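Trainee: Input: one structure, supplied below.
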Amino acid sequence: MECFHCLQPVPKGVNLVVEYKGSEKPVCCAGCQAVAQTIIQHNLHAYYEHRDTSQLQDSPVLPEELNDLDLYDNLDLQKEFVRHEGADTELAALTVENITCGACGWLIERELLRLEGIQKAVVNVTSRRVQVSWSPAKLKLSDILRVLANIGYKALPFQPNEAEQQYARQRKSYIRRLGVAGIATMQVMMIAFGLYFGVVSDLSPDLQRFLWSVSLVFATPVILYSAQPFYAGALRALQASRLNMDIPVSIALLGAYSASVYATITNTGEVYFESISMFTFFLLTGRFLELLAKERALKFATNRLTLLPKLANRETPEGYESVAIKLLESGDIIRVKAGETIPADGELLNKQAQVDESLLTGESLPRSKKLGDAVIAGSINQHSPIRIKVTATAQQTVLAGIIAMQDSALAVKPKAQQVIDKIAGYFIAAILTVAVITYFSWWWIQPDHALWVTLAVLVATCPCALSLAAPTALTGIIHRLNRDGILLKGSDVLESVKHLNTVCLDKTGTLTEGKFRLVERKDYIDSNTVDKLVSGLELFSEHPLSVPLSQLSDAPASFQNVTNEMGFGLQGEFDGKFYRAGSESYIRQWHPEFKALNKHQVVIASKESVLAEFRVEDQIREDAAETINWLKSNGYQPIILSGDSESRVQSLAHELDIPEYHSALKPEEKLAFVTAQQEAGHTVWMVGDGINDSPVLAKADLSMTFSQASDLAQTAADVVLMSESLNQIKVVIESALKTRKIMQQNFIWALVYNVSVLPVAAIGMIAPWAAALGMSLSSLLVIGNSLRLYRK
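Listed below in structure tokens is the structure:
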């Protein structure tokens, strides 16, 4: 056999294959297998179809497209990672391998925003992702990737498997660097201990120089290999004309190493090889543990996408075929077996189904679906096989939208962090200034102590913990809330919660379920006959009140000549007789003396007599009363803002014990009310779900809606509640308050540590290795404190 990829003979005993166009092809090695899979996954089938197989040695191992960033301009390939946000806007998340600090983020944002066509570029240093939106008419994705490459950052479109592989590579890299630094530190410390305990006085100058030379041999790989991440970060910061925490670290390492090399060569002065090695080892340990914490923080979101199946069963005229989900298109019919994960958003074609949406909502109980209902990618089919008509795939699915929304939330920095980032730049400048003063002061007082004291100052005061204070907390709370089915679009909730005093709530679909049900009826003739007549007429109505009435009979009457008089009701002909179903005033046109029973809204009648009357009500959410009581007991004022009638809003307000309510409001009147509250000094949160709520949701200081709400409401809202539980309002407020508290603790600790350690280091009371240990522990304390947000 010959290798499908390189066309060379397959060695005996090698049984590796790749799947190509539905069949397995043999390959000669794991390398060819990996490359072939990459080519096939990127839909570059033309490489195999049109390559020249006459001269085997001249066949390229890689198609040129894979080495060219223009590959990412392919529209079919972009379906996997580009989300269309409008007619002239595309959004993508890019993974950037070597982001190390806020200065990297600032440089990337500045360079991208210079490009014509870029609408937004926001860097999340914690996740090492760049969320960028651009106009495809003015700019190509490959142009964006090239700009990042030109300033030293390798960026690729974010895909879950690639993100996991990137973290795996980074872990391995840190482990190798830690191994070199750890082994070298042990050897150098063995020599240093002999020098520390007075053996130096008995050593000849030649032997002392030899021991220093041995230390140099062990310390050199630490400086040249293990410490490379700090140099790279410092160079990028200098390129951006900014200061970051890697600059003082690099100065300390290179300065101490250079002085030690000079002392070894000239056999004069002091060497600091043990301090350099320990310092690098402790710093790398801190960075490695920080990497593990970030990986844990992002694991949940990544898992959401990796849990999606790779293949789907698509219906064809010949039967079903197994295809990659990336090849699905809107309108395709797919079949999902019991227990399988739904691979794409779609419309249910079965009469009913049970699906587990816990991945999205955080609720473990399955949801019932009926014919025509929307089903979401990532849900699990619980019972019998179902057929689905695909409506969205890849980056257009609800699940992809959730990930995009999460990335947006992580990318937007809280105002407090923006202030801290500015302070950190000035703080590093102050550290460098103090270090210079410390060095010359000690040079004048005791020259042989000047270098190591300055080294301790540079290391101990590095503001790593300060820069991690907010991002780690924000990452933790966003992923915790996502796990509970609560999606934040930004960090605004952290800013507004401290002044929150007013919570405005819509009625229908918010305090109530938005699902009307028949609660009372009065029949004046046989109920079966009434059910057939009212079901037949209400089938022609789109009013929410008609839904439960249209389902009263399995054999509704077949009406003809049906007319719908807006605001009144329906009239139609059946068996030669005319009937009406609608409001009391509509029926009175035929029966002037008729008066409906209390709160009965729908009446059905013929010209001869009234046949029946019905009361249809919207059911109050189970947890509405509990949520309102919690708001009031915690000092928040709940207010109902509804477009419904006075009587219904008053009845609901009385039942939920809400003192203030406003009914029959138009959208502009809701907007005016919230504006007036804000002008009076109140911080207003708005909870609503309808199209008419979108203006006031956008105006409020913070707004919340449900996943079943209108698209406009979800676009305008700051928080989307994936479950239908109103109690999530309480969860959002409590989580925001806890996050602010932890952020404050992180800031206070970081500031107290840096300010207090500076004078101690400057007067020479901290050794460089101890300074490195203290700085690392300070950062890890901040990370550990933020990880508490993962627990409820």
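Going by this note's numbering, the sequence shown opens with residue 154, and the numbers climb by one from there.
The beta-carbon is built from N, C-alpha and C at its ideal position, and this holds for glycine as well.
None of the values given here were measured: they were computed from a predicted structure.
1. To which residues of the same chain is Phe-363 closer than 6 Å at the C-beta, ignoring the five residues directly before and after it?
2. If you count every other CB in all the chains shown that lies within 10 Å of the CB of Asn-420, and 16 or more means buried, which is it?
3. If you reduce the DSSP assignment to three classes, tell me which class Arg-263 lands in.
4. So, helix, strand or coil for Gln-151, using DSSP?
5. Please report the Cβ distance between Glu-799 and Ala-777, rounded to the nearest whole angstrom; I am assuming they are in contact, meaning their Cβ atoms lie under 8 Å.
6. Is the beta carbon of Asp-659 closer than 8 Å to that of Leu-794?
7. Ignore the nearest five residues each way along the sequence and tell me which others in Arg-674's own chain have a CB closer than 6 Å to its CB.
8. Let me know the beta strand (DSSP E) ranges lying completely inside the segment 840-920, each 3 residues or longer, listed in chain order.
9. Quick one: grab the DSSP three-state call for Asn-420.
10. Got a sec? Which residues, its chain only, sit under 8 Å from Asn-654 by beta carbon, not counting five neighbours each side?
11. By DSSP, does Ile-400 sit in helix, in strand, or in coil?
12. Considering only residues of the segment 667-734, which uninterrupted beta strand (DSSP E) runs meet the minimum length of 3 residues and lie entirely inside it, listed in chain order?
13. Do three or more CB pairs link the segment 880-896 to the segment 623-639 at distances below 8 Å?
14. Which residue's Cα is closest to the Cα of Val-180: Glu-808, Glu-155, Gly-166, Leu-904?
15. Buried or exposed: which applies to Leu-563, given that a residue is buried once 16 or more other Cβ atoms fall within 10 Å of its Cβ?
16. Thr-248 bridges to which residues according to DSSP?
17. Assign Val-370 to buried or exposed, taking buried as 16 or more other Cβ atoms, counted over all protein chains shown, within 10 Å of its Cβ.
18. Measure from the alpha carbon of Gly-258 to the alpha carbon of each residue in Gly-270, Ala-245, Ala-274, Ala-246, then state which is nearest.
19. So the candidates are Leu-809, Ser-932, Arg-440; which of them puts its Cα closest to the Cα of Leu-904?
20. Judging by CA-CA distance, which residue of Ile-757, Ser-738, Val-656, Tyr-425 is the nearest neighbour of Thr-682?
21. Thinking just about the alpha-carbon of each residue, which of Ala-623, Leu-874, Glu-822 is nearest to the one in Gly-662?
22. Going straight from the alpha carbon of Tyr-592 to that of Glu-427, what length do you get?
23. Taking only runs of the beta strand (DSSP E) that begin and end inside the segment 799-826, which ones reach a length of at least 3 residues, in chain order?
24. Check the C-beta distance from Thr-947 over to Asn-880 and give it rounded, since I have them as a contact under 8 Å.
25. Can you say whether Trp-597 is buried or exposed, counting buried as having 16 or more other CB atoms within 10 angstroms of its CB?
26. In the DSSP output, what is Gly-472 paired with across the bridge?
27. Going straight from the alpha carbon of Pro-272 to that of Val-300, what length do you get?
28. Report buried or exposed for Lys-651, applying the criterion of at least 16 other Cβ atoms within 10 angstroms of its Cβ.
29. Just to confirm the assignment, what range does the beta strand (DSSP E) spanning Tyr-225 have?
30. For Ile-895 and Ala-618, I'd like the C-alpha separation in whole angstroms.
31. Helix, strand or coil for Phe-371? Go by DSSP, reduced to three states.
32. In the DSSP assignment, find the unbroken alpha helix (DSSP H) run with Gly-386 in it and report its ends.
33. Just to confirm, is the Cβ distance from Ala-583 to Ala-914 under 8 Å?
34. Three-state secondary structure (DSSP) at Gly-499?
35. Below 7 Å CB to CB, which residues in the same chain sit around Thr-665 once its five sequence neighbours on both sides are set aside?
36. Compute the Euclidean distance between the alpha carbons of Lys-823 and Phe-669, then round it to the nearest angstrom.
Mentor: Per the coordinate set shown:
1. Nothing meets the Cβ criterion.
2. Counting Cβ neighbours within 10 Å, Asn-420 comes out exposed, since fewer than 16 surround it.
3. Arg-263 falls in the helix class under three-state DSSP.
4. Examination of residue 151 is not possible in this model, given that the chain is present from 154 through 945 alone.
5. Not confirmed; about 20 Å, so no contact.
6. Yes, they are a contact pair.
7. Excluding sequence neighbours, Arg-674 sits near Phe-767.
8. Qualifying beta strand (DSSP E) stretches, in chain order: 855-859, 872-874.
9. Residue state, collapsed to three classes: coil.
10. Apart from sequence neighbours up to five positions away, the residues of its chain that approach Asn-654 with a beta-carbon distance below 8 Å are Gly-788, Tyr-789, Gln-790, His-835, Thr-836, ordered along the chain.
11. Helix, per DSSP.
12. Runs found: 713-718, 722-727.
13. Result yes; three or more Cβ-Cβ pairs closer than 8 Å.
14. Nearest C-alpha to Val-180 among Glu-808, Glu-155, Gly-166, Leu-904: Glu-155.
15. In this predicted model, Leu-563 has a pLDDT of only 48, less than 50, meaning its place in the structure is not dependable; the value taken from the coordinates is given anyway. Buried.
16. Answer is Arg-282, Leu-309, bridged to Thr-248.
17. Taking all protein chains shown into account, Val-370 has fewer than 16 neighbouring C-beta atoms within 10 Å of its C-beta and is therefore exposed.
18. When the alpha-carbon of Gly-258 is set against those of Gly-270, Ala-245, Ala-274, Ala-246, the nearest one is in Ala-274.
19. Per the C-alpha coordinates, the member of Leu-809, Ser-932, Arg-440 positioned closest to Leu-904 is Ser-932.
20. Minimum Cα distance to Thr-682 is reached at Ile-757.
21. Selected option, being the one with the closest Cα: Leu-874.
22. Going from the Cα of Tyr-592 to the Cα of Glu-427 covers about 20 Å.
23. With a minimum length of 3 residues, the unbroken runs of beta strand (DSSP E) contained wholly in the segment 799-826 fall at 813-815.
24. With the chain running from 154 to 945 in the structure shown, residue 947 is simply not present.
25. Exposed is the call here.
26. Beta-bridge pairing links Gly-472 to Thr-469.
27. Here residue 272 turns out to be Gln, not Pro, going by the sequence shown. Approximately 15 Å, taken between the alpha carbons.
28. Looking at its Cβ environment, which holds fewer than 16 other Cβ atoms inside 10 Å, Lys-651 is exposed.
29. Run containing Tyr-225: none; DSSP gives neither H nor E here.
30. Spanning the two alpha carbons is a distance of roughly 13 Å.
31. Assigned with DSSP and collapsed to three states, Phe-371 falls in helix.
32. DSSP places Gly-386 in the uninterrupted alpha helix (DSSP H) bounded by 381-392.
33. No; because the gap between Cβ atoms is not below 8 Å, this pair is not in contact.
34. Here Gly-499 sits in strand by DSSP.
35. Within the same chain, and ignoring the five residues on either side of Thr-665 in sequence, the residues whose Cβ sits closer than 7 Å to its Cβ are Asp-771, Gln-772, Ile-773, Arg-774.
36. One C-alpha to the other measures close to 24 Å.
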